[in-house]
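Beneath this line is the structure, given in structure tokens, with notes to follow.
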Amino acid sequence: MLLGTFALSHGYYHAYYLRALKVRTLIKNDFDAVFKESDCIITPTSPTPAFKI
Numbered sequence: 035m036l037l038g039t040f041a042l043s044h045g046y047y048h049a050y051y052l053r054a055l056k057v058r059t060l061i062k063n064d065f066d067a068v069f070k071e072s073d074c075i076i077t078p079t080s081p082t083p084a085f086k087i
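Residue 55 in this note's numbering sits at position 21 of the sequence shown, with consecutive numbering throughout.
This is how it looks when you write it as structure tokens:
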């Protein structure tokens, strides 16, 4: 399994891994900017409203 992963990813390090690191950095910077102005982010815990009892 590891050899297969290496064989498929060999030569694509720059194309995928470094790009993913850049995207991760951009997302982290966005979160850092938001948390400079607030202490928490409140979001819904369920994708739909609660059912009626």
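The beta-carbon is built from N, C-alpha and C at its ideal position, and this holds for glycine as well.
Note that this is a predicted model, so its numbers are computed, not measured.
Going by C-alpha positions, Y51 is about 14 Å away from L60.
DSSP places T59 in the uninterrupted alpha helix (DSSP H) bounded by 52–71. Distance from the CA atom of K56 to the CA atom of K86, rounded to whole angstroms, is 45 Å.
I75 places its beta carbon less than 8 Å from that of V68. Linking Y47 to A54 through their CA atoms gives a straight-line distance of about 10 Å.
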